[in-house]
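Engineer: Note that the protein sequences, when read in sequence, are chains H and B. Adding 1 to a residue's 1-based position in the first sequence gives its number in this note's numbering. Adding 51 to a residue's 1-based position in the second sequence gives its number in this note's numbering.
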Amino acid sequence: DGGITQSPKYLFRKEGQNVTLSCEQNLNHDAMYWYRQDPGQGLRLIYYSQIVNDFQKGDIAEGYSVSREKKESFPLTVTSAQKNPTAFYLCASSIAGGYNTGELFFGEGSRLTVL
Amino acid sequence: AQSVTQLDSQVPVFEEAPVELRCNYSSSVSVYLFWYVQYPNQGLQLLLKYLSGSTLVKGINGFEAEFNKSQTSFHLRKPSVHISDTAEYFCAVSLLNTGNQFYFGTGTSLTVIP
Numbered sequence: 002d003g004g005i006t007q008s009p010k011y012l013f014r015k016e017g018q019n020v021t022l023s024c025e026q027n028l029n030h031d032a033m034y035w036y037r038q039d040p041g042q043g044l045r046l047i048y049y050s051q052i053v054n055d056f057q058k059g060d061i062a063e064g065y066s067v068s069r070e071k072k073e074s075f076p077l078t079v080t081s082a083q084k085n086p087t088a089f090y091l092c093a094s095s096i097a098g099g100y101n102t103g104e105l106f107f108g109e110g111s112r113l114t115v116l
Numbered sequence: 052a053q054s055v056t057q058l059d060s061q062v063p064v065f066e067e068a069p070v071e072l073r074c075n076y077s078s079s080v081s082v083y084l085f086w087y088v089q090y091p092n093q094g095l096q097l098l099l100k101y102l103s104g105s106t107l108v109k110g111i112n113g114f115e116a117e118f119n120k121s122q123t124s125f126h127l128r129k130p131s132v133h134i135s136d137t138a139e140y141f142c143a144v145s146l147l148n149t150g151n152q153f154y155f156g157t158g159t160s161l162t163v164i165p
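1) For the beta strand (DSSP E) holding H126(B), just list the boundary residues, first then last.
2) Is the shortest distance between the beta-carbon of S13(H) and the beta-carbons of chain B less than 8 angstroms?
3) Within 10 angstroms of its Cβ, does P9(H) collect 16 or more other Cβ (buried), or is it exposed?
4) Can you tell me which residues form a DSSP beta bridge with V88(B)?
5) Excluding five sequence neighbours on each side, which residues of the same chain lie with their C-beta closer than 6 angstroms to the C-beta of L102(B)?
6) I'd like the list of long-range same chain contacts for E66(B), defined as Cβ closer than 7 angstroms, with 5 residues on each side in sequence excluded.
7) Hey, how far is the Cα of G99(H) from the Cα of T21(H)?
8) Indicate whether E104(H) and G94(B) have their beta-carbon atoms separated by less than 8 angstroms.
9) Helix, strand or coil, according to DSSP, for I134(B) in the structure here?
10) Report yes or no: do three or more beta-carbon pairs, one from the segment 83 to 94 of chain H and one from the segment 116 to 133 of chain B, lie closer than 8 angstroms?
11) Starting from F141(B), find everything on chain H with Cβ-Cβ shorter than 9 angstroms and list it in chain order.
12) Which class does N112(B) belong to by DSSP, given the choice of helix, strand or coil?
13) How would you write the range of the beta strand (DSSP E) that Q57(B) sits in, first residue to last?
14) Does the Cβ of A82(H) have 16 or more other Cβ atoms within 10 Å, making it buried, or fewer, making it exposed?
15) Any beta carbon from chain H within less than 8 angstroms of V163(B)'s own beta carbon?
16) Which residues in chain B have a C-beta closer than 9 angstroms to the C-beta of F56(H)? List them in chain order.
17) Can you pull the chain B neighbours of G3(H), defined as C-beta to C-beta under 7 angstroms?
18) How about A32(H) and S95(H): are their beta carbons less than 8 angstroms apart?
Structure (structure tokens):
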């Protein structure tokens with residue numbers, strides 16, 4: 002079955018450590034996204050990528066980094082510079098290019114807790 | 052600037068009663084409209100979407116929504132809710148032909164009371 006796989010589902014980190022969240026999709030989608038979700042704040046865009054080897058900052062990119070070396074993979078690194086990293090992180094993908102249905106497909110999420 | 056407003060952060064409703072979750076948006080360009088549902092510790096699932104055509108859109112699990120361009124609204128409705136509908140609901144807009152930019156509301160927590 003096609004879909005988006007995020008790992009790990011739960012992750013604990015000590016302050017000062019970097020951590021990388023994995024996101025893999027087999028939907029053959031060009032565009033991929035990372036969102037952060039906090040209670041009562043909805044989803045906030047961290048980074049997005051419309052094509053391999055290219056990505057753009059979203060609304061809250063500070064303290065995060067991404068790479069897009071392969072079409073199916075879009076890992077997110079939460080660095081020690083991120084002041085409040087404890088949150089639920091969601092990866093998503095969509096068809097990009099000329100035919101835009103607009104629909105986002107989401108992974109199951111990764112919950113990061115900083116101790 | 053674009054924005055999405057979900058007017059109610061929490062909506063309690065008794066089982067088998069009707070429910071309406073409200074969503075208003077502002078945008079200077081044409082948009083696509085979506086409702087997503089999120090169960091605890093899971094990702095978001097698409098309930099329904101409006102791209103064009105009929106303003107009344109039917110989705111999964113008996114939900115429907117109506118696009119009202121003059122009021123810039125896209126309210127979600129269900130005539131009779133079940134316990135299993137307890138979840139967080141998000142309204143979202145996507146701007147046409149602008150590189151797949153999405154904007155989400157802050158969510159409405161629906162609690163169905165037995």
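From the three backbone atoms N, C-alpha and C, an ideal C-beta is built for every residue, glycine too. The model shown is predicted, which means the values in this text are computed figures rather than measured ones.
Structural biologist: Let me lay it out:
1) On the second sequence, position 75 is the one that residue 126(B) refers to. In the DSSP assignment, H126(B) falls within the beta strand (DSSP E) that extends over 124 to 129.
2) Taking the first sequence and counting its residues from 1, one reaches residue 13(H) at position 12. Per the sequence presented here, residue 13(H) reads as Phe, with Ser not at that position. F13(H) is outside the set of residues whose beta carbon lies under 8 angstroms from a beta carbon in chain B.
3) Within the first sequence, numbered from 1, the residue matching residue 9(H) stands at position 8. Only exposed fits P9(H), as fewer than 16 other CB atoms lie within 10 angstroms of its CB.
4) Numbered from its first residue, the second sequence carries residue 88(B) at position 37. The secondary-structure analysis by DSSP pairs V88(B) across a beta bridge with Q96(B), Y140(B).
5) Position 51 of the second sequence holds residue 102(B). The residues are Y83.
6) Stepping through the second sequence from its first residue, residue 66(B) is reached at position 15. Cβ contact annotation for E66(B) (same chain, cutoff 7 angstroms, sequence separation greater than five): V132, H133, I134, V163, I164, P165, in chain order.
7) As a first step, residue 99(H) is located in the first sequence; it is residue number 98 there, counting from the start. As a first step, residue 21(H) is located in the first sequence; it is residue number 20 there, counting from the start. Residue confidence is low: G99(H) scores 49 on pLDDT, short of 50, so the model does not pin down where it sits. No coordinate-derived value is stated.
8) Taking the first residue of the first sequence as position 1, residue 104(H) is located at position 103. Taking the first residue of the second sequence as position 1, residue 94(B) is located at position 43. No, they are not a contact pair.
9) Residue 134(B) sits at position 83 when you count from the first residue of the second sequence. Judged by DSSP in its simplified three-state form, I134(B) adopts helix.
10) Remark: fewer than three beta-carbon pairs, one from each stretch, lie closer than 8 angstroms, so the segment 83 to 94 of chain H and the segment 116 to 133 of chain B are not flagged as touching.
11) For the purposes of this step, residue 141(B) is taken as the residue at position 90 of the second sequence. Contact annotation for F141(B) against chain H: G43, L44 [CB-CB distance below 9 angstroms, chain order].
12) Indexing the second sequence from 1 puts residue 112(B) at position 61. Annotated three-state conformation of N112(B) is helix, per DSSP.
13) Against the second sequence, residue 57(B) aligns to sequence position 6. Per DSSP, Q57(B) is not a residue of any beta strand (DSSP E), being assigned neither H nor E.
14) For the purposes of this step, residue 82(H) is identified with residue 81 of the first sequence, where counting begins at 1. A82(H) is exposed by the Cβ-count criterion.
15) By 1-based counting over the second sequence, the position of residue 163(B) is 112. Not closer than 8 angstroms to any Cβ of chain H, the Cβ of V163(B) fails to qualify, so no.
16) Stepping through the first sequence from its first residue, residue 56(H) is reached at position 55. Around F56(H), no beta-carbon contact reaches into chain B at under 9 angstroms, the shortest distance being about 12 angstroms.
17) What you label residue 3(H) is simply residue 2 of the first sequence in a count that begins at 1. Within 7 angstroms Cβ-Cβ: nothing; G3(H) doesn't reach chain B, min ~14 angstroms.
18) Position 31 of the first sequence holds residue 32(H). Position 94 of the first sequence holds residue 95(H). Yes, the Cβ-Cβ distance between A32(H) and S95(H) is below 8 angstroms.
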